[in-house]
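Start counting the sequence shown at 658; every next residue gets the next number (the numbering used here).
By construction, the Cβ of each residue, glycine as well, lies at the ideal position given by its N, Cα and C atoms.
In this text the structure is predicted, and so the values were computed from the model without any measurement.
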Amino acid sequence: MSEPGQSLSDRTLTAEQKRELLQRVLQSPLFSRCSALRAFLNYVTENAIAGNLELIKEQSIGSAALGRGVGYDPTADNIVRVRAHELRQKLEKHFETVGAHEPVIISVPRGTYIPEFRVRMADTPLPTDSRIVDTSTGVAKGAGLSKFETLASVTAEAASGRRLWHYLPWVLTSVLAGALVLSLLHNTGQPLSAKGAKAQQAVRDFWGPLFAEPNRDVLAISADSGFALWQNLSNQDLNLADYLARKDLQLSPPDPFMRELAARRLTSPADVVVTARISGLSQAFGGHLVSEYARNVNLQQFRRANAVVIGSRRSNPWAELFEAKLNFVLVRDGKTGASVFRNRSPQQGEAPVYGESDVLASLGTEQHEVDSYALIAVVRGLADNGRVVLLEGLNMEGTQAAGETVTDPARLADILHQLGHQSGTPVAPFEALLKLTSVPGGYTESKAIAFRYLKN
658 MSEPGQSLSD RTLTAEQKRE LLQRVLQSPL FSRCSALRAF LNYVTENAIA GNLELIKEQS
718 IGSAALGRGV GYDPTADNIV RVRAHELRQK LEKHFETVGA HEPVIISVPR GTYIPEFRVR
778 MADTPLPTDS RIVDTSTGVA KGAGLSKFET LASVTAEAAS GRRLWHYLPW VLTSVLAGAL
838 VLSLLHNTGQ PLSAKGAKAQ QAVRDFWGPL FAEPNRDVLA ISADSGFALW QNLSNQDLNL
898 ADYLARKDLQ LSPPDPFMRE LAARRLTSPA DVVVTARISG LSQAFGGHLV SEYARNVNLQ
958 QFRRANAVVI GSRRSNPWAE LFEAKLNFVL VRDGKTGASV FRNRSPQQGE APVYGESDVL
1018 ASLGTEQHEV DSYALIAVVR GLADNGRVVL LEGLNMEGTQ AAGETVTDPA RLADILHQLG
1078 HQSGTPVAPF EALLKLTSVP GGYTESKAIA FRYLKN
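This is the structure in structure tokens:
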């Protein structure tokens, strides 16, 4: 905070006053729809008020507040540290906006999870009632994570610890794309062309059901690119169970490079771009987007939230949860070791396998155009609960092509038209295989070449 605080060793709040302040924070727009941070803050604050400081430890917070198992290993799963970082940011923002009038602030100092109640100024009176802050001011109705809050979470995982400005051209382009979508969806009075109206409705049909439920978060899950690279270098093909058990750490040879690669938290610029575009859509619909890194996600989140899984199963193993519903499934070619899409039930004119037309940078042949493929799928969530969008590419360019297709109104309208979708109705579960021309660091064109409606 920019304003100096005074320790409550000088001026003491009662336990009831602390709880009233806690409830005002939990009911504020920044926290009311972020269940994980609410649970975290409530757990540590209630235990601090009760004097149970021995329970405010990483292991206990993960197990009791964040849904991890009792015996989970904090050294392999740093969800508590990630959430603590987010919590500190949210608290600071709350007390600078909606809670700016509060004479007492709650903070969680770095290096500890024990919250502190701090008085802003020595001559400011302490609160004596439990009035709820007027949430009509400070934060706009329906606002979730801002574009740049979402991006900050994603780019923190970027390769080699790169700074946000390394991705600035992509980020700015994606933010502008989000702004265009928002403008399109909230067109007021200006007549739309037939094509524009079709594009507007396509966005509503595809994304509306994902953001429609006010109490359900939407997870944007970025890929663990290091996990895919580790598998390629070690000639392994690990599944979701292996990923959750951190088999890559267990199987890593003594080579320190491989162990370092297994431990690193890496994602790709494509995931940053796609997440930024989805963030713009989230704000247009008044939804609540939660940006997550694949390694921080747990199974229970899929039961409580809708999700967008970005990346192939080799870099984002959570895609495996939904493969049984799909016709086009990403597998590893046993002869070449390359990732391909297997066509489980080829129709007339379709190939049984779709793979890249050439090998890429590992053999020094990335200086020319190659054919590549990507998959867009909308599937039911676990136990038919909610919706999940899958954006899988055989390479980074494929994932970006899939993500940009479903966030570009005109391209999305074309896809839904080819699918035979009835405009004005929620998009039924389907999958579309894209073919793209991949060049180093990008792609020049993409088109849908195969479709399937999926069984519920």
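Host beta strand (DSSP E) of residue i (start-end)
{"i": "residue 947", "result": "946-950"}
{"i": "residue 1035", "result": "1027-1037"}
{"i": "residue 967", "result": "963-967"}
{"i": "residue 743", "result": "Taken as a continuous stretch (DSSP letters only), residue 743 belongs to no beta strand (DSSP E), being part of the alpha helix (DSSP H) at 736-753."}
Proximity to residue i [Cα-Cα], best of the options
{"i": "residue 671", "options": "886, 884, 761", "result": "761"}
{"i": "residue 756", "options": "683, 898, 969", "result": "683"}
{"i": "residue 696", "options": "708, 725, 903, 673", "result": "725"}
{"i": "residue 1084", "options": "742, 687, 867", "result": "867"}
{"i": "residue 922", "options": "728, 677, 734", "result": "734"}
{"i": "residue 1076", "options": "876, 955, 890, 1034", "result": "1034"}
{"i": "residue 1045", "options": "972, 1086, 1062", "result": "1086"}
{"i": "residue 742", "options": "732, 727, 759, 766", "result": "766"}
{"i": "residue 1042", "options": "981, 732, 971, 959", "result": "959"}
{"i": "residue 752", "options": "768, 732, 774, 769", "result": "774"}
{"i": "residue 1067", "options": "850, 903, 703", "result": "850"}
{"i": "residue 993", "options": "1007, 1003, 977, 1013", "result": "1013"}
{"i": "residue 709", "options": "675, 771, 1102, 1030", "result": "771"}
{"i": "residue 1007", "options": "746, 1109, 852, 915", "result": "1109"}
{"i": "residue 938", "options": "861, 903, 871", "result": "861"}
Integer Cβ distance of residue i from residue j, believed to fall under 8 Å
{"i": "residue 1073", "j": "residue 863", "result": "7 Å"}
{"i": "residue 896", "j": "residue 974", "result": "7 Å"}
{"i": "residue 1028", "j": "residue 1092", "result": "6 Å"}
{"i": "residue 1111", "j": "residue 1011", "result": "Contact doesn't hold; Cβ gap of about 18 Å is too wide."}
{"i": "residue 856", "j": "residue 1070", "result": "5 Å"}
{"i": "residue 1048", "j": "residue 947", "result": "About 17 Å separates the two Cβ atoms, so there is no contact after all."}
{"i": "residue 875", "j": "residue 963", "result": "5 Å"}
{"i": "residue 759", "j": "residue 678", "result": "7 Å"}
{"i": "residue 1095", "j": "residue 1055", "result": "7 Å"}
{"i": "residue 945", "j": "residue 690", "result": "5 Å"}
{"i": "residue 969", "j": "residue 1050", "result": "6 Å"}
{"i": "residue 900", "j": "residue 924", "result": "That pair is no contact at about 15 Å."}
Beta-carbon proximity check, residue i vs residue j, cutoff 7 Å
{"i": "residue 879", "j": "residue 967", "result": "yes"}
{"i": "residue 1145", "j": "residue 1059", "result": "Outside the modelled stretch of the chain, which goes from 658 to 1113, sits residue 1145, for which no answer is possible."}
{"i": "residue 744", "j": "residue 694", "result": "yes"}
{"i": "residue 987", "j": "residue 998", "result": "yes"}
{"i": "residue 739", "j": "residue 953", "result": "yes"}
{"i": "residue 908", "j": "residue 985", "result": "no"}
{"i": "residue 727", "j": "residue 717", "result": "no"}
{"i": "residue 1064", "j": "residue 934", "result": "yes"}
{"i": "residue 906", "j": "residue 887", "result": "no"}
{"i": "residue 882", "j": "residue 996", "result": "no"}
{"i": "residue 932", "j": "residue 976", "result": "no"}
{"i": "residue 731", "j": "residue 711", "result": "no"}
{"i": "residue 1080", "j": "residue 858", "result": "yes"}
Reduced DSSP secondary structure (H/G/I, E/B, other) of residue i
{"i": "residue 764", "result": "strand"}
{"i": "residue 1076", "result": "helix"}
{"i": "residue 982", "result": "helix"}
{"i": "residue 878", "result": "strand"}
{"i": "residue 845", "result": "Because the pLDDT of residue 845 is 48, which lies under 50, any placement of that residue in the model is unreliable, and the number read from its coordinates should be weighed accordingly. Here residue 845 sits in coil by DSSP."}
{"i": "residue 776", "result": "strand"}
{"i": "residue 1088", "result": "strand"}
{"i": "residue 1011", "result": "strand"}
{"i": "residue 677", "result": "helix"}
{"i": "residue 996", "result": "strand"}
{"i": "residue 972", "result": "coil"}
{"i": "residue 1044", "result": "strand"}
{"i": "residue 887", "result": "helix"}
{"i": "residue 727", "result": "coil"}
{"i": "residue 1093", "result": "strand"}
{"i": "residue 820", "result": "At residue 820 the pLDDT is 40, less than 50, meaning the model places this residue with poor confidence; the figure from the coordinates comes in the next sentence. Coil at residue 820, not helix or strand."}
{"i": "residue 710", "result": "helix"}
{"i": "residue 988", "result": "strand"}
{"i": "residue 977", "result": "helix"}
Residue i, enclosing alpha helix (DSSP H) - first and last residue
{"i": "residue 699", "result": "692-707"}
{"i": "residue 717", "result": "715-721"}
{"i": "residue 1104", "result": "Here residue 1104 belongs to no alpha helix (DSSP H); instead the beta strand (DSSP E) covers 1099-1110."}
{"i": "residue 852", "result": "851-868"}
{"i": "residue 917", "result": "913-920"}
{"i": "residue 935", "result": "926-942"}
{"i": "residue 689", "result": "686-689"}
{"i": "residue 1056", "result": "1053-1064"}
{"i": "residue 907", "result": "904-908"}
{"i": "residue 733", "result": "From DSSP, residue 733 is part of no alpha helix (DSSP H); its letter is neither H nor E."}
{"i": "residue 899", "result": "897-901"}
7 Å Cβ cutoff, residue i in contact with chain B
{"i": "residue 982", "result": "Going by chain labels, chain B is absent from the structure shown, which holds only one protein chain."}
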